[in-house]
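Asker: Sharing a structure below in structure tokens format, with a few things to ask.
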Ligand code: AMP
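Numbering (this note's numbering), first residue to last: 131 to 412.
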């Protein structure tokens with residue numbers, strides 16, 4: 131596996147491969163890699179000849195400077211994981227490489243549709259402008275045929291698909307399922323911040339979602355929400371940001387049950403750590 135830090139070097143390395151007709155996949159990450167990330171790499175390897183994984187903790191998508199500062203960056207561990215997985219290239223640029231004038235903000239404002247402003251967009255203002263800004267830059271640097279994202283960040287994939295369609299980008303977006311710990315907790319780089327008590331409390335998130343999934347057919351929506359919220363609120367040390375059963379395209383709460391396109395999404399602070407999770411219902 132080749133470790134690359136600059137766009138010029140990356141493009142030089144990829145050029146002959148592209149010319150030979152190889153299909154290029156990109157897996158964008160912020161590092162602190164776990165099995166969830168590796169599942170994206172594995173899927174990318176099935177669908178493309180060359181897999182580029184990027185590791186970049188993108189400052190423009192963080193709304194809380196403390197969150198940015200404490201984001202884990204175990205680079206050696208990450209390189210070992212990617213080498214073990216048989217990834218071809220890891221692109222680990224500096225902040226200046228991606229944002230030459232940093233910290234002066236660049237102009238980036240794209241219409242992502244009204245779903246930008248709900249759920250995560252409401253709690254993390256400007257987050258999806260930052261996400262799409264860096265993903266656009268990564269697409270521009272790698273020029274992948276296909277890029278892989280996790281359903282774990284459900285709204286993020288929707289925003290990236292909206293960007294691809296808004297800007298007519300020639301890249302296919304593939305969504306991969308959520309990888310969970312054996313007890314149900316969705317894997318996340320942020321789980322490392324959970325202490326023993328938080329780790330136990332964190333299970334309430336997936337339990338509430340699984341409860342909704344299991345009882346969706348038999349109970350009214352408002353009752354499902356009420357009971358799932360009660361499950362969360364009965365756990366000390368969890369502060370719920372939102373729990374919703376929504377239309378997967380608009381992310382607006384559904385009032386009546388639909389046969390397809392429904393997703394339950396949750397975000398909560400467990401101790402000091404903010405976690406998100408979701409389950410596709412149908
Ligand atoms: P991150 O490093 O958290 O920005 O995540 C990089 C990519 O991995 C994103 O597309 C995430 O949705 C995806 N991802 C994160 N956690 C998981 C998981 N538990 N299962 C599957 N994909 C994940």
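Just so it is clear, CB atoms sit at the ideal spot from N, CA and C, and this is done for glycine as well.
What did DSSP end up calling residue 186 once you bin it into helix, strand or coil?
Answerer: coil
Asker: For residue 372, report the span of its alpha helix (DSSP H) as first-last.
Answerer: If you look at residue 372, you'll find it isn't in any alpha helix (DSSP H); it sits in the beta strand (DSSP E) that goes 368 to 377.
Asker: Only counting the same chain, and skipping five residues up and downstream in sequence, which positions put a Cβ closer than 7 Å to that of residue 148?
Answerer: 154
Asker: For residue 337, which residues of its own chain have a beta-carbon under 7 Å away from its beta-carbon, when the five flanking residues on both sides are left out?
Answerer: 314, 361
Asker: Is residue 361 near the ligand AMP, in the sense that its beta carbon is under 7 Å from a heavy atom of that ligand?
Answerer: No heavy atom of the ligand AMP is found nearer than 7 Å to the CB of residue 361.
Asker: Nearer than 7 Å: is that true of the beta carbon of residue 309 relative to any heavy atom of the ligand AMP?
Answerer: yes
Asker: Alpha carbon to alpha carbon, how far is residue 167 from residue 347? Give it in angstroms, no decimals.
Answerer: CA-CA distance, residue 347 to residue 167, rounds to 32 Å.
Asker: For residue 316, verify whether its CB is less than 7 Å away from any heavy atom of the ligand AMP.
Answerer: Yes, the Cβ of residue 316 comes within 7 Å of a heavy atom of the ligand AMP.
Asker: Indicate, with yes or no, if the ligand GTP has a heavy atom lying under 7 Å from the CB of residue 282.
Answerer: This structure does not include the ligand GTP; its bound ligands are the ligand AMP.
Asker: Is any heavy atom in the ligand AMP found nearer than 7 Å to the beta carbon of residue 166?
Answerer: yes
Asker: Between residue 217 and the ligand AMP, is there a pair consisting of the residue's CB and a ligand heavy atom that are separated by less than 7 Å?
Answerer: no
Asker: Quick check on residue 355: does DSSP put it in helix, strand or coil?
Answerer: DSSP places residue 355 in helix when its eight states are reduced to three.
Asker: Can you tell me which of the three DSSP states residue 153 falls into?
Answerer: coil
Asker: Going along the chain, which residues of its own chain have a beta-carbon closer than 7 Å to the beta-carbon of residue 307, five neighbours each way excluded?
Answerer: 281
Asker: Tell me residue 306's beta-bridge partners as DSSP assigns them.
Answerer: 280
Asker: From residue 220 to residue 345, what does the alpha carbon distance come to, in whole angstroms?
Answerer: 43 Å
Asker: Which full runs of the alpha helix (DSSP H) of 4+ residues lie inside the stretch 155 to 216, going along the chain?
Answerer: 165 to 177, 195 to 200, 205 to 215
Asker: Looking at residue 268: is its Cβ nearer than 8 Å to the Cβ of residue 156?
Answerer: yes
Asker: Which of helix, strand or coil does DSSP assign to residue 408?
Answerer: strand
Asker: Could you tell me which residues DSSP pairs with residue 134 in its beta bridges?
Answerer: In DSSP, residue 134 forms a bridge with 221.
Asker: Just to confirm my understanding: we take residue 261, look at its own chain, exclude 5 residues before and 5 after, and list those with CB closer than 7 Å. What are they?
Answerer: 191, 286, 289
Asker: Return yes when the Cβ of residue 339 is within less than 8 Å of the Cβ of residue 283, no when it is not.
Answerer: no
Asker: Just to confirm before moving on: does the CB-CB distance between residue 342 and residue 223 stay below 8 Å?
Answerer: no
Asker: Is any non-hydrogen atom of the ligand AMP found closer than 7 Å to the C-beta of residue 293, if you look at the structure I gave you?
Answerer: no
Asker: Within 10 angstroms of its Cβ, does residue 84 collect 16 or more other Cβ (buried), or is it exposed?
Answerer: Nothing about residue 84 can be read from this structure; the chain reaches only from 131 to 412.
Asker: Using the Cβ count rule (16 or more neighbours within 10 Å means buried), how would you classify residue 300?
Answerer: exposed
Asker: Going by the C-beta, is residue 170 closer than 7 Å to any heavy atom of the ligand AMP?
Answerer: yes
Asker: Specify the secondary structure class of residue 419 as computed by DSSP and reduced to three states.
Answerer: Missing from the structure shown is residue 419; the chain here goes from 131 to 412 and no further.
Asker: Rounded to whole angstroms, how far is the Cβ of residue 295 from the Cβ of residue 405, which I believe are closer than 8 Å?
Answerer: 29 Å between Cβ atoms; not a contact.
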